[in-house]
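Q: Okay, here's the structure, questions in a sec.
In UniProt numbering, the protein residues as written are 1 to 1185.
Below you can see the structure in the form of structure tokens.
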């Protein structure tokens, strides 16, 4: 056996240098002699061998006719002198016959080893020709000294020339003597190789002239500067020869004892092969090539299996036997910052035969129980898994250094930290977990001297708690306290600073960490601990530099992938896991039809045993261990993954929503829309909704302060945070009490009054905050906010004059009683003064004043001033441009109401030409119908408008898809408003003489060709004229009631109501019965409208007792089926669930006015506790008639 050789230790030392295990060496170089070519080269004639020095001596002596063959260099010198240099070169070529030889397998074995340099004194080209078969290593060929400057390591350097390439082949005594002068570049290069590397001499004998010459040169020129030189082969050294070699710094690796049985040539070949094979075998296992030992038994009898699970003492013995292996695996863990995904599951499941539990752990000695618990805790920590509750109890029993055990104090504290980390995953209001966290924090704090990183770990945990609860004040303080004793703590601190948008302080920390790790890696290239951290620092720095425009976005280097340190690979793995989870979630939503009729499989009933951990644990572990933020300024590190992750239904709200908020950068971010829809907010735990509301307000106050007083960078970055938190607060307010909503409204007013907050990026979110706050306050209470609302600056007051700007314009619809209030009087006067002549920006001020005008809140002087502002500069038949629809002028104060009425009517009903097909005009016509004194065209105007509007049609096909994309929606809107103008303004004004079959058919044709559902109410007027049109109208309405299009169903229901109003009787009982039937069936298409119409029919006394009884039974079931927790937030049901419940409550209240019902009483009482304000306030907004 080669390992039994006396020189094996030297071989191992050479291998250690070759494979880069010796930190002090660059590596190992090899010098190849003629003996290697003789052993490794192959030719067609198996009897031939490449010549060695003795063979060359015989050839030279024969030609020189001499018997002296002991000095080949002297013979070569004589041959050159006698026959000439060219003759000597020709002799070399003839003797070697390079083209006749091919590299054998040992050439490939040689060059596949990681030599830093390959030197050779051979003249053949066998090494060069082998290079092509070793693609994994790129060798440069150096045939001439000038090649040295243009090539890089590893090189194959031909020191004595190459046949058919070099003009000079080094052979003669004089050439050897002149070599250091004539070939100084080669000598200097070789000198450097000898100084920097361990050198292996292969294919040389102790008497080899090349060996003797180079060994002498090393002795004479490098003295003690050369590294060790190893002479390898079947050397068969004597003691004296070995002593001599040692004296010139040459270590022999003599393989003679292994190959004595072979003949001479074969002996050297076998020795070389054994040597190269052993060098390959001694390749150290890479530090990253680590996997935990598989502890699960592959074969087990049934008796053994049962014993393992039932005999707890036996199970304890098995665990005790595994303990040394578990400890060895932990100590051998390479130190990845983030445990690679492919190893993670192996670690998670390593201790599973048997699974530890409280019963079998009791049979372990206290010493071994503590040790096995530490091994379990370490694996949970490395893999970011969550311990089960029973395990947490066991950990708590041994984590306090005040109670000594077989573990070191640091190990005890590490277990305590794991418990502390795990408390992050409990409910936000879990008092027991809160007490545990306090206890562990005190233990770590009081024992920090036993673990250098204890204080930082505790602070970091507190930072993550503060981050996820949006406690930025605390986070800022923790960032100040956190020390940067190591590169990873610099990165983690930088991530906290990034959460605070303090990139000026964060950027340098990551750069410093990267430089420190880069230097550490250069000094210790085998450390995965360092290399893993370097990879993540590099990943972060690359993103940071791109975000600050200091670098271009380039592909991440692949050097980290083999060592399982590649951030891209890990993040891709998490992305894959998230996608798989989402796919499984989607599959569970739908049944899988079987081939047999009426058969199917329900995936939601599938039970999954075991399996990978939840992706949130992987992503959170990445954030925690690395300190990687979701984004750095504008660069996303994992925002997309968070956006997808929060869509998983099995993720609880207390972890989903903070992650979604952190992932968002604006009010319309995907994560906000997918986690904080109206239905999802309705399903939130009440206390958690209050918790979110409180912390969002605190966050808004923090970022408002930064926006106002921070640095320029902080002011800029605070905008995005404010956009998100204002939007979240606005949405959460649907769960607020009126008092809380009023406080939020006051906050919105305060923000709007701050110049720093009047940025166009904040307008949508601020608008929502104002609107949703008001919706969570009963209209009867909103008068308390009147002065605040009026004090909110108008766009014109802060320089926003563009009418398309989204600057909020809050309006109180019910102002209450006018009391003496000087501040209110002044503000109303200011708003009136802002009204100017003929400008569209007037609409903001007028919209603020309209409810006050309508509710007679303003004084006559104020009304007169408004009238003067609007009409003062206009005379004759001209209209002021208020920015509002024309009919609104009839609601505003006027200097001459009769003239205003005449001018408005002319503008609305005396339009000539194509100007009539204008949506603003059509909307004004509809709006005018609902003024206190409804304004409609007279009979002659009505028939003229009817004939002009009824012929409008969308453009015929023939347009390109590009044109259709821009015109289709516009045409649909026009058709809608023409339909409403016809049915609500024009047709009601037609005389009975014009309600003819001909016009009825025109209406049907218009309806069929435009699908304008609003015209359905217009049919009712024709239906009252005769039986034939009544029958057709009935069929049209019935057909639309059954439609799948919600608008068609809604307007069909309104058409029934209109028909009943026109006759004031149950003239169409079949349609009323159809309405009742549709409601009873629970069909949700426009169900809220059906309920509303039926309620109005009930109030009018047009429902039979039987129909009321059906409704009494149906409404509670509909109300309960629209319960929010049963509805998919992404479904169509989510759109109408709350308004269906609202309509149910209003109908229930109407029924309760005519008869008693405990079920209806139940839902009206339950509605007052509903999470959503439209349902909560339904009893307030319900009108009995």
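All residues carry an ideal CB built from backbone N, CA and C; glycine is no exception.
Which first and last residues belong to the beta strand (DSSP E) in which residue 746 is found?
A: That residue, residue 746, is in no beta strand (DSSP E); its alpha helix (DSSP H) goes 738-753.
Q: Excluding the five sequence neighbours on either side, which residues of its own chain have a C-beta within less than 6 Å of the C-beta of residue 156, listed in chain order?
A: Answer for residue 156: 118, 127, 139, 141, listed in chain order.
Q: Check whether the stretch 942-957 touches the stretch 881-893, counting contact only when three or more Cβ pairs, one atom from each stretch, lie closer than 8 Å.
A: No contact exists between the stretch 942-957 and the stretch 881-893.
Q: For residue 576, which option in 558, 555, 614 has the closest C-alpha, if you only look at C-alpha atoms?
A: Nearest option by C-alpha distance: 614.
Q: Assuming the contact rule is C-beta atoms closer than 8 Å, residue 1080 and residue 1099 should be a hit. Round their C-beta distance to whole Å, please.
A: Not a contact, Cβ separation roughly 20 Å.
Q: Just to check my reading of the structure: residue 882 and residue 842 have Cβ atoms closer than 8 Å, yes? What is that Cβ distance to the nearest angstrom?
A: Right, the Cβ-Cβ distance comes to about 5 Å (below 8 Å), so this counts as a contact.
Q: Might you give, ordered along the chain, the residues of its own chain that have their beta carbon closer than 7 Å to the beta carbon of residue 151, omitting 5 neighbours on each side?
A: Same-chain partners within the cutoff: 140, 142.
Q: For residue 200, write down the residues that DSSP places opposite it in a beta bridge.
A: DSSP, once it has assigned bridges, lists 30, 230 as partnering residue 200.
Q: Can you grab the Cα-Cα spacing for the pair residue 1225 / residue 516, in whole Å?
A: Given that the chain is displayed from residue 1 to residue 1185, the structure contains no residue 1225 and the question cannot be resolved.
Q: Sorted by chain position, which residues of the same chain lie with C-beta nearer than 8 Å to residue 920's C-beta, five sequence neighbours on each side aside?
A: Correct list, in chain order: 885, 886.
Q: Determine the DSSP secondary structure at residue 102, reduced to helix, strand or coil.
A: Of the three classes helix, strand and coil, the one that applies to residue 102 here is strand, per DSSP.
Q: Might you give, ordered along the chain, the residues of its own chain that have their beta carbon closer than 8 Å to the beta carbon of residue 504, omitting 5 neighbours on each side?
A: So the qualifying residues of the chain are 711, 713.
Q: Less than 8 Å separating the beta-carbons of residue 461 and residue 421?
A: A contact, by the Cβ cut-off of 8 Å.
Q: As a quick exercise: from 1048, 625, 1127, pick the residue whose alpha carbon is nearest that of residue 1037.
A: The shortest C-alpha separation from residue 1037 is found at 1048.
Q: Does the count of Cβ pairs from the stretch 318-337 and the stretch 370-381 closer than 8 Å reach three?
A: Cβ pair count under 8 Å is three or more, so yes.
Q: Run through the DSSP bridge pairs and tell me what residue 252 is partnered with.
A: DSSP output for residue 252 lists 231 as bridge partner(s).
Q: Inspect the beta-carbon positions of residue 814 and residue 784 and report whether they are closer than 8 Å.
A: Not in contact: residue 814 and residue 784 (Cβ atoms no closer than 8 Å).
Q: Can you look up residue 636 in the DSSP assignment and give me helix, strand or coil?
A: Strand.
Q: Kindly list the residues whose CB is nearer than 8 Å to the CB of residue 64, restricted to its own chain and excluding five residues on each side of it in sequence; keep chain order.
A: Closer than 8 Å at Cβ, skipping near neighbours: 75, 78, 79, 82.
Q: Since residue 679 contacts residue 1124 with CB under 8 Å, what's their CB separation in whole angstroms?
A: Sure, about 5 Å apart at Cβ, within 8 Å.
Q: Suppose you measure from the CA of residue 728 to the CA of residue 646; what does that come to, to the nearest Å?
A: In a straight line, the C-alpha of residue 728 is about 15 Å away from that of residue 646.
Q: In this structure, does DSSP put residue 342 in helix, strand or coil?
A: DSSP places residue 342 in helix when its eight states are reduced to three.
Q: Is it buried or exposed, residue 447, if we count other Cβ atoms within 10 angstroms and call 16 or more buried?
A: Buried.
Q: Rounded to the nearest angstrom, what separates residue 1143 and residue 1149 at their Cα positions?
A: Computed Cα separation, rounded: 10 Å.
Q: Given this structure, state the Cα-to-Cα distance separating residue 494 from residue 632, to the nearest angstrom.
A: If you take the alpha carbons of residue 494 and residue 632, they lie about 10 Å apart.
Q: Would DSSP call residue 349 helix, strand or coil?
A: Coil.
Q: When DSSP labels each residue in this structure, what does residue 41 get in the three-state scheme?
A: The answer is strand: DSSP assigns residue 41 an E or B state.
Q: By how many angstroms is the C-alpha of residue 70 removed from the C-alpha of residue 85?
A: Near 21 Å, if we compare the C-alpha coordinates of residue 70 and residue 85.
Q: Taking C-alpha atoms, which residue in 638, 109, 544 lies nearest to residue 136?
A: Out of 638, 109, 544, 109 has the C-alpha closest to the C-alpha of residue 136.
Q: Just verifying my parser: in three-state terms, what is the DSSP assignment at residue 187?
A: In this structure, residue 187 counts as helix in the three-state DSSP scheme.
Q: Anyone know if the C-beta pair for residue 1163 and residue 1140 falls short of 8 Å?
A: Cβ distance not < 8 Å, so residue 1163 and residue 1140 don't count as in contact.
Q: Can you tell me the Cα-Cα spacing of residue 937 and residue 1146, whole angstroms?
A: So the two alpha carbons sit approximately 35 Å from each other.
Q: Spatial neighbours of residue 67 within its chain, please: C-beta separation below 8 Å, excluding the five flanking residues on both sides.
A: The answer, listed in chain order, is 61.
Q: Report the residue from 861, 866, 860 whose alpha carbon sits nearest the alpha carbon of residue 848.
A: If we check each option's Cα against that of residue 848, 866 comes out closest.
Q: Quick one: measure Cβ to Cβ for residue 253 and residue 40, integer angstroms, because I've assumed they're closer than 8 Å.
A: Incorrect: roughly 18 Å between the Cβ atoms, too far for contact.
Q: So, residue 563 versus residue 531, is the Cβ gap smaller than 8 Å?
A: Yes, these two residues count as a Cβ contact at 8 Å.
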